[in-house]
Amino acid sequence: MSGGVHRILQLCERHAFVMPVFKSEGSSGAMLDFFKFGPSGELLKHNVRHEWFLSNVVNTDHSVFPYWGGGQSTGNINEGTAPKCYSVVTKVYDEDFSEHYRYMKEMCGGQLPFGLTEMRAEVDCCGVVEDTGDGRYFTPSHRTIMRSCAFVRPIDSSQAFYQWQKRRKMWWRKFSASPGRFSVTDVQSVEEGQRAEICAEFPWGSQSVECVTLRGSAPFDKLDNACRQSFEGRDGRKRVTPHVIESWTTLECAVFTFLCDSHDEVRLSGVPKEVMRFHRKLAPYKLAFSASSSSSATSEELSQLAVYLTRQLRKAGVSTLLLPDVAKRSQESQFLRNDEMGVPYTAVLNDNTLKTGILGLRSRETTLKVRLSVWDARILPYLDRCDRRETRQTTTYYLTWTGASACFRTGEPRGTTSKKLLILKMLFDGRTALQCKTLFLKLVMVEYYLELGRIKSPRKRDERWRGKPPDWDLNPYLLVISSLVYCEDDALDHAVTEAGSI
């Protein structure tokens with residue numbers, strides 16, 4: 001990310017992502033009141049909210065139940081931290097919350113752990129310290145709280161607290177264009193319990209984007225015995241008071257964080273160009289169309305073809321951008337607009353498309369085109385594979401050995417299903433076989449742990465593999481080479497930045 005918040009906001013207003021609205025009172029009106037979202041911003045906000053819901057409700061080890069706590073609430077923001085909101089667990093006195101808790105408890109048979117999530121609008125009526133810096137854009141007065149809460153066994157609370165920190169950090173890294181910018185602070189003892197913050201490093205400084213707090217049994221300690229017993233869960237046969245782990249952020253903070261994270265400036269033929277490198281899951285539009293024709297007659301036919309393909313893609317649930325100038329503007333200007341809007345792929349139609357049925361699928365990341373058949377409907381399977389992180393069906397090149405030299409082959413090595421694959425992008429581009437062999441020896445035994453989300457230091461075992469092929473079955477961490485356009489496992493992509501510096 002480069003150019004500062006001012007350039008990001010200019011691009012956001014130009015393409016209808018967000019526009020900040022400031023309060024009229026106060027000196028110079030420095031306090032951010034709310035974000036006004038345009039069409040692209042609403043789509044981005046929807047995608048962020050959807051991915052947060054999948055991570056915190058659907059893709060969890062224990063049962064999590066959505067909770068709606070009513071209308072707007074009021075809260076306050078601590079300067080320099082993520083939003084400190086009116087917590088769900090402070091509602092233990094509320095009958096509505098108690099009823100919801102009893103339902104969760106009955107559904108789980110009283111066995112811990114289980115959890116809940118909450119989304120609600122909140123307005124800061126207490127006011128915040130006026131801030132004229134860039135950090136104010138992360139803490140608007142009107143915001144949507146996204147909170148997740150887990151009720152766990154006391155014996156598991158400390159371990160679950162640290163696992164929660166890692167999981168939330170990996171969620172931010174998963175959708176980031178620069179995963180290394182997100183980190184977790186040291187745990188601090190605060191009034192609410194033990195707290196750690198997930199921070200993002202930007203050119204203007206570190207910004208807290210989410211808080212994870214271990215509250216222990218404190219929310220229930222002040223209740224009378226009869227009421228406290230209604231909140232008790234079961235640890236085997238024992239009845240215990242659950243410990244509470246809570247994480248929260250705001251939807252506006254998350255959206256603006258990903259806007260700042262994805263913004264990039266590159267130089268193409270000596271000309272600076274802005275690009276929004278949204279993750280495919282977050283991009284407002286997954287695909288756009290561009291057409292170039294030699295005559296007005298073919299231009300009309302290409303436009304009709306684009307309309308037909310757009311209809312099929314939208315029926316399949318692919319968010320597609322089709323504008324009336326698809327065959328009127330130059331392709332370069334359309335590519336520039338699509339890159340600024342963060343569209344991952346652009347389907348390029350031309351006169352030959354009408355004859356051969358072949359179109360080009362341009363990638364925002366590589367600016368290269370893949371030839372696909374319109375009539376075989378390969379666009380949908382291709383885009384679908386791009387979203388499947390568990391099953392990669394695209395061509396991947398594995399480094400194998402023949403004697404003392406290295407070569408490439410395609411296909412699955414033995415035992416791939418039980419192995420963690422490390423994707424290393426662009427490290428082998430333009431290198432000879434001997435250079436690849438040397439680089440492979442330097443990177444041997446690089447281990448990427450999904451659980452830890454980091455690269456361990458390579459161990460010096462070059463001699464063990466020198467001059468003979470590695471045993472795929474004995475070494476669960478295989479070195480995999482893939483071009484940027486075919487790196488489909490986004491969780492593994494996070495290793496690239498760190499592995500490239502080894």
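1 is the number of the first residue of the sequence shown in the UniProt record's numbering; add one for each residue after it.
Built from N, CA and C at the ideal position, the CB exists for glycine as well.
Beta-carbon separation (whole angstroms), residue i vs residue j, contact threshold 8 Å
i: residue 342; j: residue 290; result: That pair is no contact at about 16 Å.
i: residue 144; j: residue 250; result: 6 Å
i: residue 205; j: residue 244; result: Rounded, the Cβ-Cβ distance is 31 Å, inconsistent with contact.
i: residue 47; j: residue 282; result: 5 Å
i: residue 161; j: residue 194; result: 7 Å
i: residue 34; j: residue 141; result: 7 Å
i: residue 322; j: residue 307; result: 7 Å
i: residue 354; j: residue 301; result: 6 Å
Residue of the options minimising C-alpha distance to residue i
i: residue 189; options: 340, 213, 370 and 201; result: 213
i: residue 45; options: 102, 258 and 62; result: 258
i: residue 56; options: 339, 119, 327 and 182; result: 119
i: residue 372; options: 114, 349 and 366; result: 349
i: residue 273; options: 35, 264, 279 and 280; result: 264
i: residue 137; options: 227, 374, 255 and 298; result: 255
i: residue 61; options: 164, 309, 106 and 6; result: 164
i: residue 564; options: 122, 229 and 328; result: Here the chain has residues from 1 to 502 only, and residue 564 is not among them.
i: residue 368; options: 354, 356, 63 and 346; result: 346
i: residue 288; options: 351, 222 and 361; result: 361
i: residue 211; options: 247, 41 and 123; result: 247
i: residue 49; options: 175, 154, 234 and 296; result: 175
i: residue 513; options: 23, 4, 179 and 42; result: Past the edges of the chain, shown from 1 to 502, lies residue 513, and the structure says nothing about it.
i: residue 18; options: 284, 218 and 106; result: 284
i: residue 591; options: 31, 280, 34 and 40; result: Outside the shown range of the chain, which is 1 to 502, sits residue 591, and nothing can be said about it.
i: residue 231; options: 52, 13, 106 and 364; result: 106
i: residue 139; options: 226, 171 and 20; result: 20
i: residue 267; options: 278, 227 and 336; result: 336
i: residue 197; options: 207, 191 and 240; result: 207
i: residue 111; options: 357, 133, 124 and 241; result: 241
i: residue 52; options: 172, 328, 108 and 23; result: 172
i: residue 340; options: 278, 309, 295 and 374; result: 278
i: residue 253; options: 302, 200, 108 and 219; result: 200
i: residue 185; options: 191, 280 and 168; result: 168
The alpha helix (DSSP H) enclosing residue i, as first and last residue numbers
i: residue 158; result: 157 to 174
i: residue 52; result: 39 to 53
i: residue 219; result: 218 to 221
i: residue 226; result: 225 to 230
Residue i (DSSP reduced to helix, strand or coil)
i: residue 416; result: A caution first: residue 416 carries a pLDDT of 34, below 50, which makes its placement in the model too unreliable to give a value.
i: residue 17; result: coil
i: residue 189; result: strand
i: residue 117; result: strand
i: residue 103; result: helix
i: residue 112; result: coil
i: residue 278; result: coil
i: residue 153; result: coil
i: residue 148; result: strand
i: residue 179; result: helix
i: residue 9; result: helix
i: residue 200; result: strand
i: residue 61; result: coil
i: residue 266; result: strand
i: residue 4; result: helix
i: residue 133; result: coil
i: residue 296; result: helix
i: residue 98; result: helix
i: residue 453; result: Here the model assigns residue 453 a pLDDT of 35, short of 50, so the residue's position is not dependable, and the following value carries that caveat. Residue 453 falls in the coil class under three-state DSSP.
The beta strand (DSSP E) enclosing residue i, as first and last residue numbers
i: residue 251; result: Not the beta strand (DSSP E): residue 251 falls in the alpha helix (DSSP H), residues 251 to 262.
i: residue 234; result: 233 to 235
i: residue 67; result: 64 to 67
i: residue 238; result: 238 to 240
i: residue 291; result: 287 to 291
i: residue 183; result: 182 to 184
Test: residue i CB closer than 8 Å to a CB of chain B
i: residue 43; result: In the structure shown, chain B does not exist; there is a single protein chain.
Closer than 7 Å: residue i CB and nearest the ligand ZN heavy atom
i: residue 317; result: With respect to the ligand ZN, the structure offers nothing, as it holds no ligand at all.
Complete alpha helix (DSSP H) runs within the UniProt domain "Anticodon-binding" (299 to 374) (minimum length 4 residues, chain order): 331 to 340 and 351 to 356
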